[in-house]
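In my numbering, the protein residues as written are 1023 to 1487.
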């Protein structure tokens, strides 16, 4: 997998073989998300809408939205609310405003209770209207404020007063009377022009007449992120991290997976590849103790990145592979002699294949007149963490049998070095794979069943054989 593109079939195989581990990791992530939610108290958000009459450009609406969340407006709202321990600077982080269609500024407030969220939104909206009116030039004193209608009434009254003065003036033709009537006429014209300008400026003045479109609604649910969202996010995050971690670990794995790579790591000749029927219980490491039980419970005691076993031929076809390996081994060994079959500890697939090789060697099918037969084989198990191979005695050579992708190149080099240290030349390497077996068919005359006597020795690091 280290040289192949990660495909969907690879991810699917990983999900099928690691579903228990991924489930435990997702549950752990959900617990972490729940714990994180306890650090963030629930928040509630509601909004109050302010209508801006008249014609407004987009940039003007954006300016009004910025004014609604300015420090002046929020500080005044905080002073009016008078919440203990809550300052204007803290409320600024809980207030937002945005311009929507229809010249509406939507002011949102967030608080730790629904009632406080409603009060905050309403108060900020009210303070925004007051501050905007001041910016537009309105007098903040209601008693002394003069609106457009009051100004019109004053103009009408002044116009009537001018008419009365003109009628009461001396109708003579003296210079003083003519000048007085002329000044009154100019004053009336100026008032009429002022009234006209006031009518023209009225739509602009209406911009300051903002209206709150009702009180803010009481929020019925928590604002995001809610506790449920924290839990789901934690579970999803841990699940994705576990998946990515599994894929990354498999991609950077330094374990040889092809038969030539394994033989090259051992520095020996590849004698062939053999198959054994896929039995899940057979190729699980036989470990004891709490750690081994936990690994079996989580399903991490076997590799997931090994491809799904293909369907092979029948038993007769698999036996032909073993015979061919034995024949190559006989050609490799100059004379009949005893050899050690080295199997890494925990590799149950390789141990089953080694047993089949011993059975084939014991049931030598060569003619009785043949001067050479299959070598005598004895199976030994070695620990890859500290390999120790029996010293050379009656055996003079070693045959390494292991499953593909089960060991790293460094571990295989240690096994080869242990064989050389014990005086054994690594004659060859046999790589074992698993297949789904088909129903057995006859491949010739029945052969006598032979039960080989296997000598299996496990050697601890630093022990003697």
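Yeah, the Cβ is synthetic: ideal placement off N, Cα and C, and Gly gets one too.
- Sixteen is the threshold: when 16 or more other Cβ atoms of the shown chains lie within 10 Å of the Cβ of residue 1377, as they do, the residue is buried.
- Burial check for residue 1094: the Cβ neighbour count within 10 Å stays below 16, so the residue is exposed.
- With fewer than 16 other Cβ atoms from the protein chains shown falling within 10 Å of its own Cβ, residue 1205 counts as exposed.
- Between residue 1452 and residue 1349, the gap from beta carbon to beta carbon reaches 8 Å or more.
- In the DSSP assignment, residue 1120 forms a beta bridge with 1128.
- Cβ-Cβ distances below 7 Å link residue 1414 to 1444, 1445 and 1446 in the same chain, with the five nearest sequence neighbours on each side left out; the list follows chain order.
- Residue environment analysis places residue 1243 among the exposed positions, since fewer than 16 neighbouring C-beta atoms fall within 10 angstroms of its C-beta.
- Taken atom to atom, the span from the alpha-carbon of residue 1249 to that of residue 1098 is near 33 Å.
- When the alpha-carbon of residue 1419 is set against those of 1270, 1131 and 1362, the nearest one is in 1362.
- In the three-state reduction of the DSSP assignment, residue 1069 falls in the strand class, which pools E and B.
- In the three-state DSSP reduction, residue 1413 falls in the coil class, being neither helix nor strand.
- Residue 1397 is positioned such that its CB atom lies no closer than 8 Å to that of residue 1364.
- For residue 1248, the three-state secondary structure derived from DSSP is coil.
- In this structure, the alpha-carbon of residue 1120 lies about 15 Å from that of residue 1096.
- Counting other Cβ atoms within 10 Å of its Cβ, residue 1427 reaches 16 or more and is therefore classed as buried.
- In this structure, the beta-carbon distance from residue 1044 to residue 1252 does not fall below 8 Å.
- With a 10 Å radius around the Cβ and a threshold of 16 neighbouring Cβ atoms, residue 1408 comes out exposed.
- When C-alpha distances from residue 1290 are compared across 1035, 1448 and 1039, the shortest belongs to 1448.
- Between residue 1104 and residue 1117, the C-beta spacing is not below 8 Å.
- Beyond the five residues adjoining it in sequence on each side, residue 1137 comes within less than 8 Å, by CB distance, of 1240 in the same chain, given in chain order.
- Assignment of residue 1422 by DSSP, reduced to helix, strand and coil, places it in the strand class.
- In this structure, the beta-carbon distance from residue 1066 to residue 1245 falls below 8 Å.
- For residue 1297, the secondary structure class from DSSP, reduced to helix, strand or coil, is strand.
- Put simply, of 1457, 1110, 1285 and 1157 the residue whose alpha carbon is nearest the alpha carbon of residue 1422 is 1285.
- Secondary-structure assignment with DSSP links residue 1232 through no beta bridge to anything.
- Annotation: residue 1381 to residue 1425 spans about 19 Å, alpha carbon to alpha carbon.
- In this chain, the alpha helix (DSSP H) harbouring residue 1053 covers 1041-1061.
- Distance from the CA of residue 1062 to the CA of residue 1145, rounded to the nearest whole angstrom, comes to 25 Å.
- Rounded to the nearest angstrom, the gap between the Cα atoms of residue 1029 and residue 1401 is 39 Å.
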